[in-house]
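Residue numbers (this note's numbering): 865 to 1461.
Just so you know, even glycine gets a beta-carbon here, dropped at the ideal spot from N, CA and C.
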């Protein structure tokens, strides 16, 4: 039961649905604030100076008003007040600019560090966790949500502090001018304060729902834009439009609920403000305040209510930032399922002996993909895995590089349990060549070196010659500097596969993994790839998954899998002689035009 609850909590974190308590939220924010505390203290000092200067301006206006409405206008005194007013305004803007620059530097540095933390954490997540969290959701968290938190650090927090100091300072001045009139303002202030608490509770839930809906919309867009060719081939545009309309309408409704809250709150605050001004003018005249004092109260009321009215926007941004931070921190709280043990070693080199000892594995529960699998591959051998789709071939290859953790048994490399080898160290020694080759935007050269500046051009060209990739690269207009568009769509499947081979050879692995690397390749390119594979066998131990049995006939051993169990093993000739499952597969592929002995 406890495991089930932990699993649910983990999924809530992945989706960003776990609500952070206020104390934890503040603690997590403080962690990123702490390195920039010096800048924030400087900004706080500039802010206080700005508030004091701003509060002084209505007093000067009050003095000028009293002077202008008196029987004897003192022109010299009026000019002095006007000059002082102008100087204070200029200083106020200078301090405001300085404060803004300091805050922006601090805030952008915090967001820079937060993005680095999030991206680094995503890189360390396990393979199956990416299936539970769509790419669109991850992109939204790294970009949009960090921007919302940027507003929190550079604008919202400072505005809240500034508004609090302004309200406090203005109220002190109001009491200094007239106690009775200042006391009357406590009534509308209390009304606004109570209504703001109710509003904050409502808008918090509305913003959380809005964030969830925009994440779902981005996820849908990312998936369907990537698969647009399939949508068009099968004429599913109308169906996908219906699905998009549903997601879009969900976001529209969530956004409307937020707007509806502000649509009620802002007019209410404005009504209270106008009513308060009417009370000030009426009561000020009744108690015999001077025109200058009434003007001062009028200006101070504006300065008093403006922060309160802005409270709606601040609550908006605070709730937006909190909702965004919850989803970010939930992501950061998700621990990779595959992690280094405390005693994990950094394996510098291996001979390449691989051993599976009674390995059991399931992606979920006890739906076993592999059942008590045991085998040994000696250093330098080539081992091929054969079987129907779902037999467990690709799973075996993924377990060797610890994409997943096994439930029972051991996997050993050179006699060392891979659970006790550092993941980076293990994957550095294993080269993987998959059916679906991924190329990054850039050039042929950067895709081979993966931006490792220590790799010389000669080594890159030598690796390409080794796998016969130079045959088409040298024909390209810009050779190794030829641009590569997203996912390498400007290259054929065979060319992408040869680039994958060259990339793997360049990084000098001791163990090679090929998962359907020759599938969907034309005959001419396949001959190049087969020649490359023959050369690559000399690099180290090689594990191959292939449906084309012609590509694995020279393997040192072939393991036949069925329903996650090994049912046959041996060389190509031995398995044919046994006339078992492998023989049947071979006959299906080659009986036309071939005589089976």
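Starting from the C-beta of residue 1449, find all residues in its chain whose C-beta is less than 6 Å away, skip the five residues before and the five after it, and write them out in chain order.
No residues qualify anywhere along the chain.
Give the straight-line distance between the Cα atoms of residue 1408 and residue 1251, rounded to the nearest whole angstrom.
Each residue's Cα considered, the two are about 12 Å apart.
In angstroms with no decimal places, state the Cα-to-Cα distance between residue 1066 and residue 1118.
Rounded to the nearest angstrom, the two C-alpha atoms are 12 Å apart.
Could you check what DSSP says for residue 1053 in three-state terms: helix, strand or coil?
Reduced to three states, the DSSP call for residue 1053 is helix.
Quick check: what's the CA-CA separation for residue 1414 versus residue 1006?
Cα to Cα, the separation comes out at about 46 Å.
What is the residue span of the beta strand (DSSP E) that residue 1376 lies within?
Segment 1375–1379, the beta strand (DSSP E) holding residue 1376.
Starting from residue 1300, follow its DSSP beta bridges and name the residues at the other end.
DSSP output for residue 1300 lists no bridge partner at all.
DSSP three-state label for residue 1238, please.
It is a strand residue.
When the Cα of residue 1087 is compared with those of 1374, 1107, 1257 and 1099, which residue comes out closest?
If we check each option's Cα against that of residue 1087, 1107 comes out closest.
Taking the alpha-carbon positions, what's the residue 1357 to residue 972 distance?
One C-alpha to the other measures close to 42 Å.
Grab me the residues of residue 1364's own chain with a C-beta within less than 6 Å of its C-beta, minus the 5 sequence neighbours each way, in chain order.
These residues qualify, in order along the chain: 1297 and 1301.
Does DSSP put residue 1347 in a helix, in a strand, or in coil?
Strand.
Count the other CB atoms, across all protein chains shown, that sit within 10 Å of the CB of residue 1186; report buried if there are 16 or more and exposed otherwise.
Residue 1186 should be labelled buried.
My parser needs the alpha helix (DSSP H) runs of 4 or more residues fully inside the stretch 1022–1083; what are they?
Counting only runs of 4 or more, we get 1043–1048.
Does DSSP put residue 1410 in a helix, in a strand, or in coil?
Correct three-state label for residue 1410: coil.
Helix, strand or coil for residue 1287, going by three-state DSSP, please let me know.
If DSSP states are grouped into helix, strand and coil, residue 1287 belongs with the helices.
Alpha carbon to alpha carbon, what distance is there between residue 978 and residue 915?
Using only the alpha carbons, I get a separation of about 31 Å.
By Cβ distance below 6 Å, which residues in the same chain neighbour residue 868 in space, the five residues on each side in sequence not counted?
Bear in mind that the predicted position of residue 868 carries a pLDDT of just 37, short of 50, making it too unreliable to give a figure here.
How big is the Cα-Cα spacing for residue 1447 and residue 1247?
Their backbone Cα atoms lie some 17 Å apart in a straight line.
Excluding five sequence neighbours on each side, which residues of the same chain lie with their C-beta closer than 7 Å to the C-beta of residue 1265?
For residue 1265, where only same-chain residues beyond five positions count, the Cβ hits under 7 Å are 1290, 1291, 1294 and 1296.
Does the distance from the C-beta atom of residue 1284 to that of residue 1208 stay below 8 Å?
Yes, the pair counts as a contact, with Cβ atoms nearer than the cut-off.
Going by the beta-carbon positions, is the gap between residue 1239 and residue 1275 smaller than 8 Å?
Against a cut-off of 8 Å, the Cβ pair of residue 1275 and residue 1239 comes out as no contact.
Excluding the five sequence neighbours on either side, which residues of its own chain have a C-beta within less than 7 Å of the C-beta of residue 1261, listed in chain order?
Cβ within range, chain order: 1377, 1379, 1407 and 1409.
Between residue 1332 and residue 1397, which are expected to be in contact by the criterion C-beta below 8 Å, what is the C-beta distance as a whole number of angstroms?
Going by Cβ atoms, the distance from residue 1332 to residue 1397 rounds to 10 Å, so no, they are not a contact pair.
Helix, strand or coil: which one does DSSP assign to residue 1248?
Note: residue 1248 maps to strand in three-state DSSP.
Suppose contacts are defined by Cβ-Cβ distances below 8 Å. Is residue 1191 in contact with residue 1075 by that definition?
Taking 8 Å as the Cβ cut-off, residue 1191 and residue 1075 qualify as a contacting pair.
Between the stretch 890–907 and the stretch 929–945, can you find at least three pairs of beta-carbon atoms closer than 8 Å?
No, the stretch 929–945 is not in contact with the stretch 890–907.
Tell me which residues share the same chain as residue 1271 and place their Cβ nearer than 7 Å to its Cβ, disregarding the 5 neighbours each side in the sequence.
Result list for residue 1271: 1224, 1225 and 1226, in chain order.
How big is the Cα-Cα spacing for residue 1019 and residue 1078?
C-alpha separation (whole angstroms): 23 Å.
Going straight from the alpha carbon of residue 1460 to that of residue 1441, what length do you get?
Only weak support is given to the placement of residue 1460: the predicted model assigns it a pLDDT of 43, under 50, and the question is left unresolved by the model.
Touch check for the stretch 1229–1244 and the stretch 1417–1429: three-plus C-beta pairs under 8 Å?
In short, these stretches touch, since the Cβ pair count reaches three.
Counting along the chain, where does the alpha helix (DSSP H) carrying residue 970 start and finish?
From DSSP, the alpha helix (DSSP H) with residue 970 extends over 939–988.
What is the residue span of the alpha helix (DSSP H) that residue 1273 lies within?
Here residue 1273 belongs to no alpha helix (DSSP H); instead the beta strand (DSSP E) covers 1272–1277.
Leaving out the 5 sequence neighbours to the left and right, which residues in its chain are closer than 7 Å to residue 1216 when beta-carbon positions are compared?
The residues are 1243, 1244, 1374, 1375, 1404 and 1405.
Classify residue 1208 as helix, strand or coil using the three-state DSSP reduction.
Residue 1208 falls in the coil class under three-state DSSP.
Leaving out five residues before and five after residue 1256 in sequence, what residues of the same chain have Cβ atoms less than 6 Å from its Cβ?
Only 1233, 1234, 1425 and 1428 meet the Cβ criterion.
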